[in-house]
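Going by UniProt numbering, the first residue of the sequence shown is number 3, and it counts up by one from there.
Ideal placement from N, C-alpha and C gives every residue a C-beta, glycine not left out.
All values derive from a computational prediction rather than experimental measurement.
Notes to accompany the following structure.
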Amino acid sequence: ARAQIGVTGLAVMGRNLARNFARHGYTVAVHNRSFAKTQSLMDEAGGEGDLVPSESMADFVASLERPRKVVVMVKAGAATDAVIDELVPLLEEGDIVVDAGNAHFPDTIRREEALRAQGLHFVGTGVSGGEEGALLGPSIMPGGTRESYESLGPILEAISAKVDGTPCCTYVGPNGAGHFVKMVHNGIEYADMQLIAEAYDLLKQGLGASAAEIGQIFAEWNTGDLESFLIEITADVLQHVDAETGAAFVDIVLDQAEQKGTGRWTVQNGLDLGVPITGIAEATFARALSGSVPQREAGRAALPAHATALEVTDRDSFVEDVRRALYASKVVAYSQGFDQIAAASAENGWDIDRGAMARIWRGGCIIRARFLNRITEAYERDPQLSLLLADPYFTDAVGEGLAAWRRVVAQAATAGIPAPAFSSSLSYYDGVRAERLPAALIQAQRDFFGAHTYRRTDRDGTFHTQWSGDRTEQEA
Ligand code: 6PG
C-alpha cells in the first residue's frame with residue numbers, strides 16, 4: 003500500500019482530479035467500474051505522475067496508505083450510494099470517504115451519519131470549476147469532521163486554485179455543510195448567469211448592437227468591478243461566430259435553458275428556510291419559462307405588448323446604467339445567498355464562516371470574481387453581519403448605482419423587455435429597506451378570514467378581531 007489518495011469514478015471530473023493530485027506529487031490510486039476508462043487514463047496521463055491503477059475495488063482499496071482517503075467521483079444519487087456500499091466493507095476504522103460529486107446535502111447528512119456509525123469519516127465536498135478547474139485547480143468546499151480535515155485538508159488545499167497564494171479550499175463545517183455551500187454556489191451561479199443574460203438582452207434591444215459588439219462591452223466591463231469568470235466567458239461567447247452559418251453563435255442557439263437541479267434545490271431550500279433568495283429563484287424560474295414551449299407559443303400568439311420601444315439617445319450612459327444595474331442586482335443575489343448560508347448554518351449547527359466561503363470562491367470556481375474580496379472584507383469587519391447589503395462598502399457601491407438601476411428597470415418595463423432578476427432584485431432592495439411593509443394588511447386579511455391572529459405595533463401580545471361579530475379585539 004503506497005498511494006496517498008485514491009479516486010474512483012474516472013469520467014472527466016474524476017480523471018482530472020486524479021491527474022491534478024498526481025501532478026502535485028501524490029501517488030494516486032485510480033479505479034473505475036469498467037477498467038477501460040482506467041486504462042485510457044493510464045495511456046493518456048500515466049506519464050504525468052504516479053498513478054496506481056486497479057481493476058477491482060478490493061485491489062484499489064488495498065493500494066492505499068492508512069488512513070485511506072478515497073475520492074468518489076460518480077453521478078450524484080443512486081450511483082454514489084452504490085459505490086459507497088461497495089467500498090465500505092473494504093475500509094477500516096478512521097478511513098475517509100470523500101464524495102466530490104454534486105450531491106444534495108440531505109443525502110450527505112444521511113451518508114455521513116451511516117459511515118460515522120461504522121467508524122469511518124464521510125466528507126461531502128463541493129468541487130467547482132468544471133473540467134478545467136478539476137485539472138488545474140478547483141475551488142473545494144469540504145464538509146465532515148474536523149479530524150478528517152487534518153489529514154485530508156492539506157492534500158485538497160494543495161490541488162485547489164490559489165489566489166494571492168491562498169488556497170481556494172477550507173474546512174466548511176460538519177456533515178452536509180460542504181455540499182450545502184456548493185449548492186448555494188450553484189444557485190448564485192444561476193443568478194449571475196441570468197443577470198448577465200438580462201444585461202445582454204437590454205443592450206441588444208437598446209443599442210441594436212450585434213452580439214460581437216456587446217461582447218466587446220462585456221470585455222470592457224471585465225476590467226472593472228464586474229471582473230469575473232462569467233463576464234469574461236460571456237465576452238468570448240458573444241464574439242464567437244458559428245462556423246456553419248457564419249452567424250453570431252448566440253443567435254443560432256435554441257433559447258431554452260436547461261438545468262441539472264442544483265439551482266432548483268437551492269430555491270427549494272430557500273423556501274424551507276424562509277429566506278428570500280429572490281435573485282436565485284427568478285433565475286431558476288426564468289430557465290423554466292424559457293423551456294415552457296406550449297406556454298410561450300400561446301403567449302407569443304395572444305399577448306399584446308402595448309410597449310414603447312427602447313430609445314437610447316446617449317449610448318455610453320445607457321451602457322453605464324446597465325452595468326450599474328447588473329452590479330447592484332449581483333450584490334443583491336450574493337447578499338441573499340449568504341443569508342441562506344447563515345440560516346442553514348444556524349439551523350444545522352454548522353458554524354459556517356461566510357467570509358471564508360467568499361475567500362475560497364475567489365478562484366477556481368464558476369462564480370469567481372474580483373468582488374468576492376469585498377464580501378470577505380465585509381464579514382471580516384462584522385462576522386455577524388445580518389445583511390451584506392448593509393455593509394458600508396456595499397451600501398455605497400449599490401447606492402451610487404441606484405438611480406441607474408431604477409432607470410433600467412423602468413425602461414425594461416416600458417419597453418416590454420423581460421428583466422425578472424433585475425427587477426425583483428430592485429424590489430428586494432426596496433422591500434428590505436422599507437420603514438413599513440404592506441405585510442400588515444396581509445396579517446389583517448389572515449385574521450379576517452381565518453382567525454390567524456396578528457400582533458400590534460403598540461403593545462405586546464397576540465390578538466384576534468371578531469370580524470363576523472361586533473369587531474371587538476380579543477387577546478388571543
Ligand atoms: C461548477 C458548476 C457545476 C454545474 C454546472 C451545470 O461549479 O463547476 O456549478 O457544478 O453542475 O455548471 O449546472 P446546470 O446544468 O444546473 O446549469
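- A residue is called buried when at least 16 other Cβ atoms come within 10 angstroms of its Cβ; Phe451 does not meet this threshold and is exposed.
- Judged by pairs of C-beta atoms under 8 Å, the stretch 285-300 touches the stretch 193-211, as three or more such pairs exist.
- The secondary-structure analysis by DSSP pairs Ile7 across a beta bridge with Val30.
- In the three-state DSSP reduction, Val76 falls in the coil class, being neither helix nor strand.
- Not a single heavy atom of the ligand 6PG lies less than 6 Å from the C-beta of Lys77.
- Note on geometry: alpha-carbon atoms of Thr10 and Arg21 lie some 13 Å from one another.
- According to the DSSP assignment, Phe465 belongs to no alpha helix (DSSP H) but to the beta strand (DSSP E) extending over Phe465 to Thr467.
- Unbroken beta strand (DSSP E) stretches of 3 residues or longer found wholly inside the stretch 124-193: 141-144, given in chain order.
- Listed in chain order, the non-local C-beta contacts of Val239 below 8 Å within the same chain comprise Gly217, Phe251 and Val252, local neighbours out to five positions each way being set aside.
- For Val243, DSSP records a beta bridge to Ala250.
- Under the three-state reduction of DSSP output, Ser319 falls in the helix class.
- Comparing C-alpha distances from Pro306 to each of Gly418, Thr147 and Glu95 shows the shortest one belongs to Gly418.
- Taking the C-beta atoms as reference points, Leu66 is found no nearer than 7 Å to Ala116.
- Under DSSP, the beta-bridge partners assigned to Leu53 are Val30.
- Proximity of the stretch 256-263 to the stretch 389-408 falls short of the contact definition, fewer than three beta-carbon pairs being nearer than 8 Å.
- Rounded to the nearest whole angstrom, the C-alpha separation of Asp244 and Ala213 is 12 Å.
- Not one heavy atom of the ligand 6PG falls within 6 Å of the beta-carbon of Ile198.
- The closest heavy atom of the ligand 6PG lies less than 6 Å from the beta carbon of Glu191.
- When the alpha-carbon of Ala78 is set against those of Asp227, Ser141, Arg113 and Ala358, the nearest one is in Arg113.
- Unbroken alpha helix (DSSP H) runs of no fewer than 4 residues, entirely contained in the stretch 426-477, are found at 441-452, following chain order.
- Taking 8 Å as the upper bound for CB-CB distance, Gly281 and Val321 are not in contact here, some 22 Å apart.
- Glu94 and Arg148 have their C-alpha atoms roughly 19 Å apart.
- Relative to the ligand 6PG, the beta carbon of Thr264 is positioned inside 6 Å of a heavy atom.
- Distance from Ala371 to Glu229 at the Cβ level is roughly 7 Å; contact confirmed, criterion being Cβ atoms closer than 8 Å.
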